[in-house]
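Our numbering applies: residue 187 is where the sequence shown begins, and numbers increase by one. For glycine and all other residues, C-beta sits at the position ideal for the given N, C-alpha and C.
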Amino acid sequence: MSAHFKLERDGAVAVVRLDRPERKNPFTFQSYAALRDWFRDLVEDEEIHAVVIAPNGGNFSSGGDVEDIIGPLTELDMKGLLGFTRMTGDLVKAMLTCGKPIIAAVDGVAVGAGAILAMASDIRLATPEAKTAFLFNRVGLAGCDMGACAMLPRIIGQGRAAELLYTGRVMRAEEGAAWGFFNRLVGGHELEAEALKLAGRIAAGPRFANMMTKTMLLQEWDMGLERAIDAEAQAQAICMQTEDFRRAYRAFMTRAKPVFEGD
Numbered sequence: 187m188s189a190h191f192k193l194e195r196d197g198a199v200a201v202v203r204l205d206r207p208e209r210k211n212p213f214t215f216q217s218y219a220a221l222r223d224w225f226r227d228l229v230e231d232e233e234i235h236a237v238v239i240a241p242n243g244g245n246f247s248s249g250g251d252v253e254d255i256i257g258p259l260t261e262l263d264m265k266g267l268l269g270f271t272r273m274t275g276d277l278v279k280a281m282l283t284c285g286k287p288i289i290a291a292v293d294g295v296a297v298g299a300g301a302i303l304a305m306a307s308d309i310r311l312a313t314p315e316a317k318t319a320f321l322f323n324r325v326g327l328a329g330c331d332m333g334a335c336a337m338l339p340r341i342i343g344q345g346r347a348a349e350l351l352y353t354g355r356v357m358r359a360e361e362g363a364a365w366g367f368f369n370r371l372v373g374g375h376e377l378e379a380e381a382l383k384l385a386g387r388i389a390a391g392p393r394f395a396n397m398m399t400k401t402m403l404l405q406e407w408d409m410g411l412e413r414a415i416d417a418e419a420q421a422q423a424i425c426m427q428t429e430d431f432r433r434a435y436r437a438f439m440t441r442a443k444p445v446f447e448g449d
């Protein structure tokens, strides 16, 4: 448990919520750092096999808090500003390298750093009421924040990403689903149940292999095709040495459902 976000357990799934619902769950300096550290530590956690980032009070996150972050940033020198922007980027790095699949369940507003939190997740579900905006431009900043210029075009395409990052406008839920930002839209009363169901299914799978999939999804971003194919050959050969691979084979031969144990 953290003083800066809520952490719950549903079996092998961790459910994370920013915990200032009265302000639509903005980030503070402390919550950035706390989430970064939690995702870093998650690498060594043998009990958590998947993560759901959930809304709180009908909203995902309103991004950086105007009073607690934006105001103080105007008083920092270049060294202090760079320390802050690197810390926020480190949260995304920690999410990408935590070794556990992450599902964002987006409801209400997901703007600024909240939109980045969803973007950096592996899978995104949303309600039809979700409103997502990379609104850095609207506060006088560049759209290149926390990896947005690298990641968003790969998810929705260069032109669509450019429009959102240059204007800061809201991406409606229907647009997000049509563009591939959201995997699918789910009714508000079903959102968390669907996210937990999907996370539970992933968590019950071969954990080492899931970690390898997440690792390769990240590493292959800057690989050429031939190098990527060779890297996947090595990764798959490693997975073929696991007991889970043998369990799956034995289950298949006996028409049983494999029970994976992560070794």
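Would DSSP call Gly-244 helix, strand or coil? By 1-based counting over the sequence shown, the position of residue 244 is 58. In the structure shown, Gly-244 sits in coil (DSSP, three-state: anything other than H, G, I, E or B).
Contacting residues, own chain, Cβ-Cβ under 7 Å from Asn-369 (five flanking each side not counted): Walking along the sequence shown from the start, residue 369 turns up at place 183. For Asn-369, where only same-chain residues beyond five positions count, the Cβ hits under 7 Å are Ile-309, Arg-310, Leu-311.
What would DSSP say about Thr-399, mapped onto helix, strand or coil? Locating residue 399 in the sequence shown gives position 213, where the first residue counts as 1. If DSSP states are grouped into helix, strand and coil, Thr-399 belongs with the helices.
Look at Gly-354 and Phe-322 and say whether their C-beta atoms are less than 9 Å apart. Position 168 of the sequence shown holds residue 354. Position 136 of the sequence shown holds residue 322. Yes. Within cutoff.
On the DSSP bridge list, what partners appear for Gly-250? Taking the first residue of the sequence shown as position 1, residue 250 is located at position 64. In DSSP, Gly-250 forms a bridge with Phe-213.
Which residues bound the beta strand (DSSP E) around Arg-203? The residue labelled residue 203 in the question sits at position 17 within the sequence shown. Note, Arg-203: beta strand (DSSP E), 199 to 204.
Residue interval of the beta strand (DSSP E) (run including Leu-311): Residue 311 sits at position 125 when you count from the first residue of the sequence shown. First-last of the beta strand (DSSP E) with Leu-311: 309 to 312.
Taking only three categories from DSSP, how would you classify Ile-234? Counted from its first residue, the sequence shown places residue 234 at position 48. Correct three-state label for Ile-234: coil.
In the DSSP assignment, find the unbroken beta strand (DSSP E) run with Val-295 in it and report its ends. Sequence index remark: in the sequence shown, residue 295 carries index 109 (1-based). Here the beta strand (DSSP E) through Val-295 covers 295 to 297.
Secondary structure of Thr-283, DSSP reduced to three states: As a first step, residue 283 is located in the sequence shown; it is residue number 97 there, counting from the start. Note: Thr-283 maps to coil in three-state DSSP.
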